[in-house]
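In the working numbering, the protein residues as written are -9 to 113.
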């Protein structure tokens, strides 16, 4: 197989990454604590020393996931402001209008989410 020389470091890094994952998984399996099968008190779930109440498989409210998605969405918006804040003088008016358009789109999304009631915790 004839690979260009520029691919060799990439293949080495991929090999090291795969080897690290394999060694980590095998090491955790063989060196980690072994669970004993059975229904003893030691193997039951405890949270901070308090006995478990109810089933852990109860479904979450969709509000939890919606809030998480909205947080990620608006958090990423803030991340995109950093390059503009660092280089705002080089961008000039064209960059300013691009950022203004970006903010306007997110304001439209924010007002849409607000009007749809995604931010109302009482529902």
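Yeah, the Cβ is synthetic: ideal placement off N, Cα and C, and Gly gets one too.
Keep in mind it's a predicted model, so treat the numbers as computed, not measured.
Using the three-state DSSP reduction, which class does residue 42 fall into: helix, strand or coil? Residue 42: coil per DSSP, three-state reduction.
DSSP-derived helix/strand/coil call for residue 110: coil
If we call anything under 8 Å between Cβ atoms a contact, is residue 74 one with residue 82? No; because the gap between Cβ atoms is not below 8 Å, this pair is not in contact.
State the DSSP-derived secondary structure class of residue 25, mapped to helix, strand or coil. coil
In the DSSP assignment, find the alpha helix (DSSP H) that holds residue 60 and state where it starts and stops. It spans 52 to 76 - the alpha helix (DSSP H) in which residue 60 sits, taken as one unbroken run.
Minimum C-alpha distance to residue 88 - residue among 71, 104, 100, 102: 71
In this structure, how does DSSP classify residue 79 when only helix, strand and coil are distinguished? In the structure shown, residue 79 falls within a helical segment according to DSSP collapsed to helix, strand and coil.
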